[in-house]
Amino acid sequence: MNIRCETLPDYPAIAEVNILAFGQENEAKLVEKIRDSDRYISDSNFFNLGLTH
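The sequence shown begins at 1 in my numbering and counts up by one.
What follows is the structure, encoded as structure tokens:
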């Protein structure tokens, strides 16, 4: 498994995963609002690149 901090280019893929997982855009929009918040801590979000062999 390869895990790292998320970066700006990851945001569309993360939004797509949330939309597919929840069957709606509400959660993806919530993540965007959290990122736009002045209390958002970018170093606390991680992105799993999937299993690596």
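We put the beta carbon where it would ideally sit given N, CA and C, even for glycine.
| Query | Result |
| --- | --- |
| CB Phe19 to CB Asn48, shorter than 9 Å? | The sequence as given places Ile at residue 19; Phe does not occur at that position. No; because the gap between Cβ atoms is not below 9 Å, this pair is not in contact. |
| Out of curiosity, what's the CA-to-CA distance linking Lys33 and Ala13? | 16 Å |
| Bridge partners of Arg4, per DSSP? | Phe47 |
| Under DSSP, the alpha helix (DSSP H) around Asp36 begins and ends at which residues? | Asn26 to Asp36 |
| Using alpha carbons as the reference points, say which of Tyr11, Ser44, Thr7 and Arg39 lies closest to Lys29. | Tyr11 |
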